[in-house]
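Here's the structure, in structure tokens; my notes come after.
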Amino acid sequence: MNVRELLQSKKDAIVTIDVEDTIGAAAHKMSAHKIAALVVMKDDAPVRIISEKDIVRSLADDGPQAGRRVISSLPSAGLEGIAPDATLKQAMALMTYSRHRHLMVTEGARLVGILSLGDIVKNLLSELELEKAVLQDIYLAAH
4 MNVRELLQSK KDAIVTIDVE DTIGAAAHKM SAHKIAALVV MKDDAPVRII
54 SEKDIVRSLA DDGPQAGRRV ISSLPSAGLE GIAPDATLKQ AMALMTYSRH
104 RHLMVTEGAR LVGILSLGDI VKNLLSELEL EKAVLQDIYL AAH
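Quick note: the numbering used here has the sequence shown finishing at residue 146, numbered continuously throughout.
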């Protein structure tokens, strides 16, 4: 399976936030949508991902006033993205290497989705369940 196929099975809308919104606004948006990361946009282009981890670090560094800081004031985390035609193994390797739990899925400069480690784990568990069911059917048919 590749990244595009996994995104099609998710059918979740991409939730974004503007680079000049506050960290507090990002936290509220994540809570409202029950998600752990947002794609940060500037002039309709993705520039980074802000995650719960970024918010916790900001709170640890700045205390309660962190919520009033704008997202653009956070240290750059780098732009980790992957193409929709990449394999899930490639996505897992990139997540492991970059130590990120979320990747933007981009086609050229266009944002097409966001992929989480949880999405990949859920897919792998589904594949294992299917494999188990097939093996059980084969075993039962043979006996």
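Quick reminder that beta carbons are idealized off the backbone N, C-alpha and C, glycines included.
Residues that DSSP places opposite residue i in a beta bridge
i: A2; result: Residue 2 cannot be examined here, being either before or after the span of the chain that is shown, 4 to 146.
i: N1; result: Summary: the structure shown does not reach residue 1, with the chain confined to residues 4 through 146, and so no result is reported for it.
i: H105; result: S119
Beta-carbon contacts of residue i that lie in its chain and below 8 Å, excluding the five residues immediately before and after
i: R71; result: T25, I26 and G27
Residue nearest to residue i in terms of C-alpha spacing, selected from the options
i: A69; options: R102, E134, A39 and A29; result: A29
i: I20; options: M33, I141 and E83; result: M33
i: S75; options: I85, R104, K45 and K92; result: K45
i: L106; options: V124, A86 and A112; result: A86
i: H36; options: D15, V124 and E130; result: D15
i: M98; options: G84, E110 and G111; result: G84
i: S12; options: A136, A94 and D122; result: D122
i: I52; options: L118, V124, V137 and K125; result: L118
Span separating the alpha-carbon of residue i from that of residue j
i: I58; j: S79; result: 13 Å
i: A39; j: L120; result: 11 Å
i: A145; j: M4; result: 30 Å
i: L133; j: L127; result: 10 Å
i: R7; j: S61; result: 33 Å
i: R104; j: D65; result: 24 Å
i: K135; j: H31; result: 40 Å
Residues near residue i in its chain [Cβ-Cβ closer than 7 Å; skip 5 each side]
i: G116; result: L10, I17 and V108
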